[in-house]
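Structure first, commentary second.
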Amino acid sequence: MKVRIYQSLALISLILLSILSSCNRETTVGRVLFKETKNKVYKDIDEEKLFASLQSTLEQEESNLKNKTFITNYYKQNGYQAILLKRFIPNSQLNLLAEKLVNSNEHGIGSDYFNAENYQKLLNTISSKEEITTLDDAYEKLAKLELATADALLNYSSALQYGIINPNKVLKSYYIKTERPDSVFMKGILTSSDLASLLDSIQPTSALYLALQKELQSSKTIDNKGKETIMVNMERSRWKQNFDASDMVYVNIPAFHLDVFKDGKSVMNMKVVVGSLGHETPVLESKIHSVQVNPVWNIPKSIAGKEILKHVQADRFYLVNSGIDVLEDGKVVEDSENIDWSAFSQDNLPYRFRQRPGDENALGKIKFLFKNNSSVYLHDTPSQAAFGKENRALSHGCVRVAEPLKLAQALFGNGDKFKKIKDEIQSDEQLEANDIALSPQLQVVLDYRTIEMRNNTLQFYSDIYGEDAILYPYLKSRI
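If you count the sequence shown from 1, position 139 lands on 610 in the working numbering, and the numbers rise without skipping.
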C-alpha cells in the first residue's frame, strides 16, 4: 500500500515537474520569439547569455537613453532579464507601441522625439529570418530592442501624462506646483501586463485636449502660427498642475476673464484687467482667505518712484487730492504739499506712500486677499473704462475685477458677512479698512492659456506675454 502511495506521489511530482519545465521553456524569450516568427535561431537562445548581452548593451547604450538612471537600476534589480520582450512579443503587441510612436504628431509631438523610425526598423529586424541568422545577431538585436522598448514606453507615457516641458524650470513667473514623472510612475509603466490597455489609458481625455487634438488633425486651413498655438496649449494641458479644478476662482490671463467654478461648472464670470508687459501677472495657485473692504493701498516702492513722484513734481497738491499719505519712518508727514519734491529722484526717495480708503483709491472698495510671493491680489478699481478695452493688460500685476460685489456674493453667499460687505461699501460714514475672513477658504488660480474651451468652442487669445513663443522652441527641438 505504501509502495503504491509513494509511486503515485512520484508520478504526480514528475507530472508537475514536466508541466513546470514545459511552462518555463514556453516563457523563455527564445520560445516566445520562435512561436511568433518561426525563426529556428531563437530556439537555441541561452537565457544567461541573453542576460549578459543585455547588461553589456546597457553599458554601451546608456548615454542614448533618456531615462538612463531609472532603466539601468531597473534592469540591474531584475537580473538583466528581457522582461518586456517576453511579455509583449506575443500577439504582436509591440507593433501597437511602434504605431503610437510613428503617429505621435497627433499629440503635437514629432515622432523623432521617440526615435520612432529606428524603433520600427529594429522591430522589423527581430521578425526577419534574413537579418537574424546567428545567435550573435539575436543576442545583440534582442538586447537593443528590450532597452529601446523600455525607453520608448517611458518617454511616450511620460510625454502624454506629464508633458515634455517642466514649466517650473522654463517660465520665470510660473509658480504652480507641477508634477513630473517619478520612479513610481515609471515602474508602473514597465510592470504593466497589458500594453494595449496601457497605451489607451495614457491618452489625455479632457474636453480641451481632445478638441485641440481634433483641430490639429482635421484643420487644413490653419496656418503655422495657429498650429504652434495648438501644440503649445496641448502641452499645457498635459501638465499635472497641483490644484483641484472643481471649485475655484479661475483667471485666464490672456483671456482677460475670470470664472467661479462650483462642482466643475462655471457659475459666474466677468472681465478682468491683468498686468501689462513688464508688470506681468504671475501664474500661481493659492487660497482666498479674506477680503478687505475699503482697502488701504500701500503703494509699492517701484510705483512710487516711477509714477507717484512724477505726478507730485508736476502738481504739489496731487497727493492731497488723491488721498495719499506721505510716510517717513512709518509716520505720516503733515503738509506734504510743502515738501520740495524736485529735490528727489526715483533712486533717491526717502518717503513711502499710502492711499487712504475712498473713491479715488486705486484698489476701489474691496480687494480679495490670498497668500503669494508676488504681492498680487484681486481688487476693485475706480477706472471702469479699462473694462471696455479689448486689450486689458494694463495693471501693475494685480488683477482688477469688473464686478467685485458680484464676486464677493459668489464667495460668501447671501449671509451676514456679505451683508456687512455691502453695508460698509455703501456707508457714508468715515471709511476704514476692515478685513472679513472667508471660511472655508476658496482656491484661486491665475493661469495662462492662449486657447480655452468656452461654450463648447475653442477660443483663441493673443500671447500677451510671449509665453507661447518661449515654450514652442522647446517643443520644436523635440520634433
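Backbone N, C-alpha and C define an ideal beta-carbon position, used for all residues, glycine too.
8 Å Cβ cutoff met for residue i and residue j
i	j	result
valine 797	leucine 909	no
alanine 623	leucine 572	yes
arginine 558	proline 725	no
leucine 755	methionine 741	no
glycine 957	lysine 514	Nothing can be reported for residue 957: it is not among the residues displayed for the chain, which extend from 472 to 950.
serine 545	leucine 618	It is tyrosine, not serine, that sits at residue 545 in the sequence shown. No; because the gap between Cβ atoms is not below 8 Å, this pair is not in contact.
leucine 565	threonine 620	yes
valine 872	leucine 840	no
glutamate 518	threonine 499	yes
glutamate 751	tyrosine 943	no
isoleucine 892	isoleucine 837	yes
leucine 567	leucine 616	no
serine 717	asparagine 843	no
serine 737	valine 731	yes
serine 677	alanine 614	no
valine 916	methionine 719	yes
Strand pairing of residue i, partner residues [DSSP]
i	result
lysine 711	Glu650
valine 430	Given that the chain is displayed from residue 472 to residue 950, the structure contains no residue 430 and the question cannot be resolved.
histidine 850	Lys838 and Arg871
isoleucine 759	Phe841 and Leu913
leucine 929	Met924
glycine 746	Ser866
valine 803	Leu798
Whole-number beta carbon distance between residue j and residue i, since they are thought to touch under 8 Å
i	j	result
isoleucine 560	valine 503	5 Å
leucine 631	proline 675	6 Å
tyrosine 551	glutamine 526	4 Å
proline 853	glycine 835	6 Å
arginine 651	tyrosine 633	6 Å
leucine 983	serine 708	No answer is possible for residue 983: the residues shown for the chain start at 472 and end at 950.
alanine 569	leucine 536	With a Cβ gap of about 18 Å, alanine 569 and leucine 536 do not count as contacting.
isoleucine 428	phenylalanine 714	The structure shown does not extend to residue 428, since the chain is modelled only from 472 to 950, so the question has no answer here.
Buried versus exposed call for residue i [16 or more other C-beta atoms within 10 Å across all chains shown]
i	result
asparagine 704	buried
alanine 940	exposed
valine 870	buried
aspartate 694	exposed
glutamine 855	exposed
glutamine 436	Residue coverage of the chain in this structure runs from 472 to 950, which leaves residue 436 outside it and unanswerable.
threonine 528	buried
proline 911	exposed
glutamate 938	buried
phenylalanine 788	exposed
alanine 785	exposed
leucine 748	exposed
glutamate 799	exposed
With a threshold of 8 Å, are at least 3 pairs of Cβ atoms found where one atom belongs to the segment 633-652 and the other to the segment 596-607? No: the two stretches stay apart, fewer than three of their Cβ pairs being nearer than 8 Å.
Tell me, please, whether the segment 795-812 touches the segment 820-831 by the rule of three or more beta-carbon pairs shorter than 8 Å. Touching, yes.
For the segment 767-775 and the segment 825-832, state whether three or more C-beta atom pairs, one from each stretch, are separated by less than 8 Å. Contact between the segment 767-775 and the segment 825-832 is present, because at least three Cβ pairs lie under 8 Å.
When you compare the segment 707-725 with the segment 914-929, are there three or more beta-carbon pairs, one atom per stretch, that lie closer than 8 Å? Because the criterion of three Cβ pairs below 8 Å is met, the segment 707-725 and the segment 914-929 touch.
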